[in-house]
Amino acid sequence: MKRFYPDFDTIHAFTRSLDYHQSDLECAHCFKNTQFVSHGIIYKQRSSTHVEKVGKRLFCSNRYGRSGCGRTFQLYIATEVPAYRYGAAHLFLFITALLSNMNISDAYHHATGQFESRNAWRWLKRLMVKLTHYRSFLKYRKDDGFSIFSSPNHYLQHLLPTLARLFTSTNNGCISYQTDRQQSFL
Ligand SMILES: [Zn+2]
Numbered sequence: 002m003k004r005f006y007p008d009f010d011t012i013h014a015f016t017r018s019l020d021y022h023q024s025d026l027e028c029a030h031c032f033k034n035t036q037f038v039s040h041g042i043i044y045k046q047r048s049s050t051h052v053e054k055v056g057k058r059l060f061c062s063n064r065y066g067r068s069g070c071g072r073t074f075q076l077y078i079a080t081e082v083p084a085y086r087y088g089a090a091h092l093f094l095f096i097t098a099l100l101s102n103m104n105i106s107d108a109y110h111h112a113t114g115q116f117e118s119r120n121a122w123r124w125l126k127r128l129m130v131k132l133t134h135y136r137s138f139l140k141y142r143k144d145d146g147f148s149i150f151s152s153p154n155h156y157l158q159h160l161l162p163t164l165a166r167l168f169t170s171t172n173n174g175c176i177s178y179q180t181d182r183q184q185s186f187l
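Numbering (the numbering used here), first residue to last: 2 to 187.
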């Protein structure tokens, strides 16, 4: 089942016609494709005054005579990084700043406006965990050519050559990874 979609309207249209889309649905747990029901909108609080629709839930229903397994699945717009406060737009600013040689806390401030940069280290640790996935997405191995990046930071030394291929001035690698792989970028 597709997890990431280009925009909210596409998710909404999909979840409003689940019978029509049965061939694109399969529950990862019970393998049924006929028991799904639309199960509400996922919102994200962008600021104290602004709330945005970022996805919808599907429920493999075990209620009202349906024989699903009772599990819930989340469908997201591809600009959203599930379970993280900030999305693809912020990661794009952070990563392109690192690629232009900005230090980690300045890059984090540039991306989020925050001065406390502890979360930047959480991002970097998570990017390290996912590094082999990005490389296989790019069909790029570490020993392809040599690194043009020299960083005193252990994480950046490993990450920047791959992130440079994933994120260019015109390509938000987070969105393209989530759209093509149907997996969360982080
Ligand atoms: Zn199920």
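Here a beta-carbon is modelled for each residue, glycine too, at the ideal position from N, C-alpha and C.
With a Cβ-Cβ cutoff of 8 Å, do Thr163 and Tyr141 count as a contact?
-> Along the sequence shown, one-based indexing puts residue 163 at 162. Along the sequence shown, one-based indexing puts residue 141 at 140. It is a contact, given that the beta carbons lie within the stated cut-off.
Report yes if the C-beta distance between His30 and Leu59 is below 8 Å; otherwise report no.
-> Within the sequence shown, residue 30 is the residue found at index 29, counting from 1. Within the sequence shown, residue 59 is the residue found at index 58, counting from 1. Between His30 and Leu59, the gap from beta carbon to beta carbon reaches 8 Å or more.
Please find out if some non-hydrogen atom of ligand 3 comes closer than 7 Å to the beta-carbon of Gly66.
-> Absent from the structure shown: ligand 3. Ligands present: ligand 1.
Assuming Gly56 contacts Gln75 (C-beta within less than 8 Å), just tell me the rounded distance between them.
-> By one-based count along the sequence shown, residue 56 stands at place 55. By one-based count along the sequence shown, residue 75 stands at place 74. Their Cβ separation, rounded to whole angstroms, is 6 Å, which keeps Gly56 and Gln75 in contact under 8 Å.
Note down, in chain order, each residue of its chain lying with its Cβ closer than 8 Å to the Cβ of Asn154, except the 5 sequence neighbours on either side.
-> Within the sequence shown, residue 154 is the residue found at index 153, counting from 1. The residues are Ile105.
By how many angstroms is the C-alpha of Met2 removed from the C-alpha of Asp20?
-> Position 19 of the sequence shown, counted from the start, is the residue given in the question as residue 20. Position 1 of the sequence shown, counted from the start, is the residue given in the question as residue 2. C-alpha separation (whole angstroms): 14 Å.
From the DSSP output, read off the bridge partner residues of Leu19.
-> Looking up residue 19 in the sequence shown gives position 18. Paired residues: none, contrary to the question.
Would you say Arg72 touches ligand 1, meaning its beta carbon is less than 7 Å from a heavy atom?
-> Taking the sequence shown and counting its residues from 1, one reaches residue 72 at position 71. Answer for Arg72: yes, Cβ within range of ligand 1.
His111 and Ala90 closer than 8 Å at C-beta = Residue 111 sits at position 110 when you count from the first residue of the sequence shown. Residue 90 sits at position 89 when you count from the first residue of the sequence shown. Cβ distance not < 8 Å, so His111 and Ala90 don't count as in contact.
CB Tyr85 to CB Arg4, shorter than 8 Å?
-> Within the sequence shown, residue 85 is the residue found at index 84, counting from 1. Within the sequence shown, residue 4 is the residue found at index 3, counting from 1. Taking 8 Å as the Cβ cut-off, Tyr85 and Arg4 do not qualify as a contacting pair.
Going by CA-CA distance only, name the one from Ser48, Ala79, Val38 and Thr80 that's closest to Asn63.
-> Taking the first residue of the sequence shown as position 1, residue 63 is located at position 62. Nearest option by C-alpha distance: Val38.
Assuming Ile42 and Lys54 make a contact with CB atoms under 8 Å, what is their CB distance in whole Å?
-> To locate residue 42, count along the sequence shown from 1; it is residue 41. To locate residue 54, count along the sequence shown from 1; it is residue 53. Sure, about 5 Å apart at Cβ, within 8 Å.
Rounded distance between the beta-carbons of Val82 and Ser185, thought under 8 Å = For the purposes of this step, residue 185 is taken as the residue at position 184 of the sequence shown. For the purposes of this step, residue 82 is taken as the residue at position 81 of the sequence shown. Ser185 to Val82, Cβ: 6 Å. Contact.
Which of the three DSSP states, helix, strand or coil, is assigned to Ser106?
-> Numbered from 1 along the sequence shown, position 105 holds the residue referred to as residue 106. Looking at Ser106 - three-state DSSP - the assignment turns out to be helix.
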